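Here is the structure we will look at, set down as structure tokens.
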Amino acid sequence: MKITSKIERMVAIIDENMTTLEAAELMREKYIGSVVVTSNSGVKGMFTERDLMLHVVGGKKDPATTKIKDVMPADFVKVKPDEQSERCLDLMKAHRCRHLLVFDGDEFVGLVSLRDMVALMLEEKEELISRLKEYITS
Numbered sequence: 010m011k012i013t014s015k016i017e018r019m020v021a022i023i024d025e026n027m028t029t030l031e032a033a034e035l036m037r038e039k040y041i042g043s044v045v046v047t048s049n050s051g052v053k054g055m056f057t058e059r060d061l062m063l064h065v066v067g068g069k070k071d072p073a074t075t076k077i078k079d080v081m082p083a084d085f086v087k088v089k090p091d092e093q094s095e096r097c098l099d100l101m102k103a104h105r106c107r108h109l110l111v112f113d114g115d116e117f118v119g120l121v122s123l124r125d126m127v128a129l130m131l132e133e134k135e136e137l138i139s140r141l142k143e144y145i146t147s
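Numbering (our numbering), first residue to last: 10 to 147.
This is the structure:
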């Protein structure tokens, strides 16, 4: 199934020059596990709670003074809005991540999470079961 229906378009955005503490506060406030990082030139990537643990806490850095751009991953995985859920799951597994940024060409559209992909696959399975039941009983 295509991921179009599961794209989260209302995402938390933070500038790369903000501190990791500010990112953590934003994630806590919004009860989310990641923020989209931007700069003057556009979307730079993502900063996640896993990045906070591995690169800040695990690196014994002060979150109040450590800028996001200094600890966020240099690369990020992009997908298109019409990408298949299976491909997204494969990318998440290969890159060991739980979120993918969605771009339509150069335009940032939103993000999808592992949770979204699981929900989409469950919907697909339920639809298949329903169709099979209809076929069997008709």
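Note that the Cβ used here is the ideal one computed from N, Cα and C, for glycine as well.
None of the values given here were measured: they were computed from a predicted structure.
- Judged by DSSP in its simplified three-state form, Val80 adopts helix.
- Per DSSP, the unbroken alpha helix (DSSP H) holding Met126 starts and ends at Leu123 to Thr146.
- As DSSP reads the structure, His64 sits in no beta bridge.
- Here Thr47 really is in contact with Glu25; their C-beta atoms are around 7 Å apart, less than 8 Å.
- The Cβ-Cβ distance between Met10 and Leu109 does not fall below 8 Å.
- The beta carbon of Ala73 sits closer than 8 Å to the beta carbons of Thr28 and Leu30 from its chain, once the five residues preceding and following it are set aside; these are given in chain order.
- Annotated three-state conformation of Glu31 is helix, per DSSP.
- In the DSSP assignment, Met10 falls outside any alpha helix (DSSP H), carrying neither H nor E.
- Pairing Gly119 with Asp99, the inter-Cα distance amounts to about 19 Å.
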